[in-house]
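Here's the structure, in structure tokens; my notes come after.
Protein chains in written order, with our numbering: chain A, 1 to 388; chain B, 1001 to 1388.
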């Protein structure tokens, strides 16, 4: 194709379109991004036993390790919709593959929104029938917008790596405790990377970013994170690429945490001096997921007793000795209880937009950091009033 | 002693006193109950790694299997208070033992309230020095009142079993996901039961009552459940006693769930047709603890998709097949999706004070029931504003 855009914000050779297929209202609820050449693909999905048909059939693309593009519909998760839901997902994927002159298995598909309702296929079919390739260069900001549900703003990042560009988009504000990946996160790059290398580095990045994020301990049925590398910008330094990708993924994770349903503050929990990463991650998750810690953060209350409680409830971590634990808010150590009163200084740190809690376990040298948000009236209102 | 009260609401031979030792304000914050003869004791405690000194030294009494009484202080948990906290707990226990002409190890001690503050020992000492035995027959309703923290009302139950009486008292509204027991729950009976029998039946009862309760997934550092049987009413039928005790424990569990911080509804989750009890309990806890299920119940919204999500996130239960799962609200089956629209009927059930969710897994014949409450603005307000 003639239009090979290449800039700091868009990798070469990705074309696409966004639009409204009328799933709920007239806001954008559809996008597709197609690479003009076959791309190397790595993708990870929810482990939920109720994984939707979009996840089921996208696993075919992930297994091949190569593909041409993705299609996403928002406002309806197409989950727990039985055989009809599977038929509908296959129909949408096939239609997009036809537009891209590709095989159905070349296309990743995802759906996000309410569970248990069939897609309005009459409207979806009419919309897809009206699409006319070739498509313009992908507008990734518009794609990020088109997959929002209760997100309050789109999540879109980009970086350069040598001659290549990496762009990432994500959505997700509730039902967020990714197990293999987050709700929906996509990366596109024109770097040339062998599939095995891409897969290995992508999984390492996901483990320390999306899999370290929790808004409400609820694991979505639709979680997907994927990267498409079409090679048009040539080779890159793999370590540099992984570092750039990690940085972008972490930017998206912080955006998701900050936009958590009802959230007013981001919480970063670092567990240090742990026996191993597994112990560090487990304790960090116990802290960041504790409703009592989350509400204390909301109240800007340096209630380190609740952090101690959350550490304590990891009861099979029998090497944790309260006498060797240290708890900091920001850089203020609150436990062991210092001589002078430091709670005002700790409360000062907690009045900001991002609260860092560090728990040092004294059982070894490992560390892990997780990301979350406070628990507020807003979360209750959004989820008590959300209509089935 | 001459006063051997014996009625439908008080077992024989338990004496005691309640009062205010000025831990926080002038509301009752202290009680002790002493049996005039040695009682058989069974007790279970939190597994928290941050278990407080009261728990640590009460384990000595539990190991002996015999004791004379209990002492409880409220409004301060005496947790994460180091060596001084241990010294203080021992001093209080020794003082009460002196009043009962017992050894310190004959007395169970518990403390509940804020974490990380030393007890005001000057006031405690002055109060204890002023106590004059003999004490009147224990007023269990007053004891239940004296151990309240953010509870909105005391929790006190009683039953007859043959010639014997069983009375139970409990407290707890937040930081409730008991691991071995609930926050504080005590039973007193004048039945005569061998310690091994009492221990076995008490643990069975606790496993299906207090250990099946979760308000906010946060495990307290002070959880204690104990029973004292002083034998003054003679032998009882053990099966009948266990049934009566189970019924009382379940009454207390429902009281605790209904009084959960900010709660407006009790949630009962029954998982049936499970592979085994472990699977049934795990899935039931995933449902009752899901913030999205809890907020849906708050909004009286029969959002069965969130129940499906909660089942789905038990991802290593690989024998769970969504095609064989059934989800009911009350007696209304919402999944698999029925032909006619039943959501209004399900919403009607959810408008009541107690919402029953049944998930049938189709993996076997086992079942387990757990108890919880909805998640509301009230929980946020109580816990965001609670002062350290």
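Cβ atoms here follow ideal geometry from the backbone N, Cα and C, with glycine treated the same way.
Asked, Found
"With the cut-off set at 9 Å, would you say residue 1264 (chain B) and residue 1353 (chain B) are in Cβ contact?", "yes"
"Going by DSSP, which residues form a beta bridge with residue 1076 (chain B)?", "B:1114"
"Decide if residue 1012 (chain B) is buried, meaning its Cβ has at least 16 other Cβ atoms within 10 Å, or exposed.", "buried"
"Give me whichever residues DSSP pairs with residue 1228 (chain B) in a beta bridge.", "B:1041 and B:1188"
"Leaving out five residues before and five after residue 238 (chain A) in sequence, what residues of the same chain have Cβ atoms less than 8 Å from its Cβ?", "193, 197 and 201"
"State buried or exposed for residue 259 (chain A), treating a residue as buried only when at least 16 other CB atoms are found within 10 Å of its CB.", "buried"
"Exposed or buried, residue 83 (chain A), counting other C-beta atoms within 10 Å across all chains shown (16 or more means buried)?", "exposed"
"Rounded to the nearest angstrom, how far is the Cβ of residue 359 (chain A) from that of residue 325 (chain A), given a contact under 8 Å?", "7 Å"
"Evaluate residue 307 (chain A) with the Cβ neighbour count: other Cβ atoms within 10 Å of its Cβ, from every protein chain shown; 16 or more gives buried, anything less gives exposed.", "buried"
"Which stretch, first to last residue, makes up the alpha helix (DSSP H) that contains residue 171 (chain A)?", "No alpha helix (DSSP H) holds residue 171 (chain A); the beta strand (DSSP E) holding it covers 164-171."
"Tell me, please, whether the CB atom of residue 342 (chain A) is closer than 9 Å to any CB atom in chain B?", "no"
"Considering residue 1016 (chain B), what are the terminal residues of the beta strand (DSSP E) in which it resides?", "1014-1019"
"From the DSSP output, in three-state form, read off residue 394 (chain A) for me.", "Because chain A in this structure spans residues 1 to 388, residue 394 (chain A) falls outside the shown range and cannot be described."
"Among B:1161, B:1212 and B:1109, whose alpha-carbon lies nearest the alpha-carbon of residue 1088 (chain B)?", "B:1109"
"With C-beta atoms as the reference, is residue 156 (chain A) less than 9 Å away from residue 167 (chain A)?", "yes"
"Candidates B:1209, B:1033, B:1226 and B:1251: which alpha carbon is nearest residue 1159 (chain B)'s?", "B:1251"
"Could you tell me whether the Cβ of residue 1265 (chain B) comes closer than 9 Å to any Cβ of chain A?", "no"
"One question on the structure: do residue 1315 (chain B) and residue 1363 (chain B) come within less than 9 Å of each other, judged by their Cβ atoms?", "no"
"If I measure Cβ to Cβ from residue 169 (chain A) and keep anything under 6 Å in the same chain, skipping five residues before and after, which residues do I get?", "140, 143, 144, 156 and 186"
"Residue ranges of each alpha helix (DSSP H) run of no fewer than 4 residues wholly in the segment 1364-1388 of chain B, ordered along the chain?", "1377-1385"
"Tell me, please, whether the CB atom of residue 276 (chain A) is closer than 9 Å to any CB atom in chain B?", "no"
"Counting only C-beta atoms, is residue 1306 (chain B) closer than 9 Å to chain A at any point?", "yes"
"Quick one: what's got a C-beta closer than 8 Å to residue 85 (chain A)'s C-beta in the same chain, skipping five residues either side?", "52, 53, 78, 79, 118 and 119"
"At a Cβ cut of 8 Å, what residues of the segment 1280-1312 of chain B count as close to chain A, listed as they run along the chain?", "1289, 1290, 1291, 1292, 1295, 1296, 1298, 1299, 1301, 1302, 1303, 1304, 1305, 1306, 1308, 1309, 1310, 1311 and 1312"
"Can you list, in chain order, the residues of its chain whose CB lies under 6 Å from that of residue 1135 (chain B), leaving out five sequence neighbours each side?", "1015, 1016 and 1017"
"Using 8 Å as the cut-off, can you tell me whether the segment 102-116 of chain A makes contact with the segment 217-231 of chain A, which would need three or more C-beta pairs spanning the two stretches below that distance?", "yes"
"Closest Cβ-Cβ distance between residue 323 (chain A) and chain B: below 9 Å?", "yes"
"Take every Cβ of the segment 31-40 of chain A, pair it with every Cβ of the segment 1297-1311 of chain B, and state whether three or more of those distances are shorter than 8 Å.", "no"
"If you measure beta-carbon to beta-carbon, which residues of the segment 42-65 of chain A are closer than 9 Å to chain E?", "Absent from the structure is chain E; the protein chains it does hold are A and B."
"For residue 1335 (chain B), which residues in chain A fall below 8 Å Cβ to Cβ?", "80 and 116"
"Just the chain B side, please: which residues come within less than 7 Å of residue 73 (chain A) by C-beta, in chain order?", "Ordered by position in chain B, no residue passes the 7 Å Cβ test against residue 73 (chain A), which lies about 16 Å from the chain."
"Compute the distance between the beta-carbons of residue 65 (chain A) and residue 46 (chain A), then report whether it is under 9 Å.", "no"
"Is it buried or exposed for residue 279 (chain A), if we count other Cβ within 10 angstroms and need 16 for buried?", "buried"
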